[in-house]
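Note that my numbering has the sequence shown beginning at 154, numbered continuously upward.
Have a look at the structure below before the remarks.
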Amino acid sequence: MSELLLLSGGIDSIALAAWRRPSVCLTIDYGQRPAQAELQASAQVCQDLGLRHEVLEAKIPGLGSGRLAGEAESPHSKHAEFWPFRNQYLITIASMMAMKTGCDTVTIGTVVTDRRHKDGSEAFLHYLRLVLLQQEGALGLQAPAANLTSEQLVRQSNVSPSVLAWAHSCHSGPLACGTCPGCQKHSEVMAALGWSR
């Protein structure tokens with residue numbers, strides 16, 4: 154199995170990169186406010202781990218909502234970081250890149266707490282797997298950490314603190330705001346691991 158990992162530069166995808174050692178890591182700039190920091194974190198992690206890193210621009214900022222887009226929150230979700238159809242869009246682009254790079258599987262960093270979002274649910278993953286299998290290439294879609302917490306994933310991955318230190322989790326921009334859900338999660342995971350300062 155040849156995996157392409159969607160690498161956002163956050164805790165979960167960095168831990169997956171260390172654990173799964175994918176053939177290709179792909180970071181996508183889709184117009185999100187923290188894109189530059191995510192790209193820098195992902196590039197450094199891939200360099201440290203000796204992994205192939207690809208970057209793709211596929212910007213759709215005018216379609217975003219909430220903190221990631223610097224726009225008003227969407228009436229369609231109670232979550233401040235909601236961006237309509239974002240995960241479906243990113244997985245579709247990753248699938249295109251997987252075919253181009255000879256990978257047969259797309260791997261994503263969904264963890265158990267992502268189930269509070271519809272596009273992190275078991276049903277979403279199930280139906281998207283079926284969609285990919287129906288198309289040319291019959292790609293696989295896997296979320297190896299879907300039943301793990303972020304803390305459990307980090308422990309499973311054996312990622313070093315020095316590599317995980319590159320993680321950028323902020324939803325609001327290139328510097329950690331300290332208040333968004335991404336920054337809060339980052340702080341909670343690091344404290345649970347005993348790695349916080």
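Built from N, CA and C at the ideal position, the CB exists for glycine as well.
Nothing here was measured: the structure is a model prediction, and the numbers come from that model.
Taking DSSP as the reference, what is the three-state secondary structure of ASP165?
Working through the sequence shown from its first residue, we reach residue 165 at position 12. It is helical.
Please go through the same chain and pick out, in chain order, the residues whose beta-carbon is closer than 8 angstroms to the beta-carbon of THR258, but skip the five residues on each side of it.
The residue you call residue 258 lines up with position 105 of the sequence shown. The residues are MET154, SER155, GLU156, LEU157, ALA251, LEU292, GLY293, LEU294 and GLN295.
Rounded to whole angstroms, what's the CA-CA distance from GLN241 to SER315? Just pull it up for me.
The residue given as residue 241 occupies position 88 in the sequence shown. The residue given as residue 315 occupies position 162 in the sequence shown. When rounded, the distance between both Cα atoms is 31 angstroms.
Does GLN241 come out as helix, strand or coil in the three-state DSSP assignment?
Taking the sequence shown and counting its residues from 1, the one referred to as residue 241 is at position 88. In the displayed model, GLN241 falls within a helix according to three-state DSSP.
Since I believe GLU234 is in contact with GLY326 (beta carbons under 8 angstroms), could you give me their beta-carbon distance rounded to a whole number of angstroms?
Here the question's residue 326 lines up with position 173 in the sequence shown. Here the question's residue 234 lines up with position 81 in the sequence shown. That belief does not hold up - the Cβ atoms of GLY326 and GLU234 are roughly 13 angstroms apart, past 8 angstroms.
Determine contact between the stretch 179-188 and the stretch 198-213, defined as no fewer than three beta-carbon pairs at a distance below 8 angstroms.
Yes, the stretch 179-188 touches the stretch 198-213.
Check whether the stretch 160-170 and the stretch 188-201 touch, using three or more Cβ-Cβ pairs below 8 angstroms as the test.
By the Cβ criterion, the stretch 160-170 is in contact with the stretch 188-201, since at least three pairs of Cβ atoms, one from each stretch, lie closer than 8 angstroms.
Following the continuous beta strand (DSSP E) through CYS178, name the residue where it begins and the one where it ends.
Within the sequence shown, the letter at position 25 stands for residue 178. Here the beta strand (DSSP E) through CYS178 covers 177-182.
Could you pull out every residue in the same chain whose Cβ sits closer than 8 angstroms to the Cβ of LEU202, ignoring the five residues on either side in sequence?
Taking the sequence shown and counting its residues from 1, the one referred to as residue 202 is at position 49. Shown here for LEU202: same chain residues with a beta carbon closer than 8 angstroms to its own, the five before and five after excluded, namely ALA170, ALA171, ARG174 and VAL316 in chain order.
Under 9 angstroms, do ALA298 and GLY262 count as touching if we go by C-beta distance?
Stepping through the sequence shown from its first residue, residue 298 is reached at position 145. Stepping through the sequence shown from its first residue, residue 262 is reached at position 109. Yes, these two residues count as a Cβ contact at 9 angstroms.
Does DSSP put GLN197 in a helix, in a strand, or in coil?
Locating residue 197 in the sequence shown gives position 44, where the first residue counts as 1. Here GLN197 carries a helix assignment [DSSP, helix/strand/coil].
Measuring only between beta-carbons, confirm whether CYS256 sits less than 9 angstroms from chain D.
No chain D appears in this structure, which consists of one protein chain only.
With respect to the alpha helix (DSSP H) encompassing GLU234, which residues constitute its N-terminal and C-terminal limits?
For this step, residue 234 is matched to residue 81 along the sequence shown. Per DSSP, GLU234 lies in no alpha helix (DSSP H) and is assigned neither H nor E.
Note the first and the last residue of the continuous beta strand (DSSP E) segment covering VAL259.
If you number the sequence shown from 1, residue 259 lands on position 106. From DSSP, the beta strand (DSSP E) with VAL259 extends over 258-260.
Just reading off the beta strand (DSSP E) that VAL208 is part of, what are its end residues?
Position 55 of the sequence shown, counting from 1, holds the residue named residue 208. VAL208 -> beta strand (DSSP E) spans 206-210.
Rounded distance between the beta-carbons of LEU221 and VAL265, thought under 8 angstroms
Locating residue 265 in the sequence shown gives position 112, where the first residue counts as 1. Locating residue 221 in the sequence shown gives position 68, where the first residue counts as 1. Not confirmed; about 21 angstroms, so no contact.
Tell me the DSSP secondary structure of GLU156 in three-state form.
By 1-based counting over the sequence shown, the position of residue 156 is 3. Strand.
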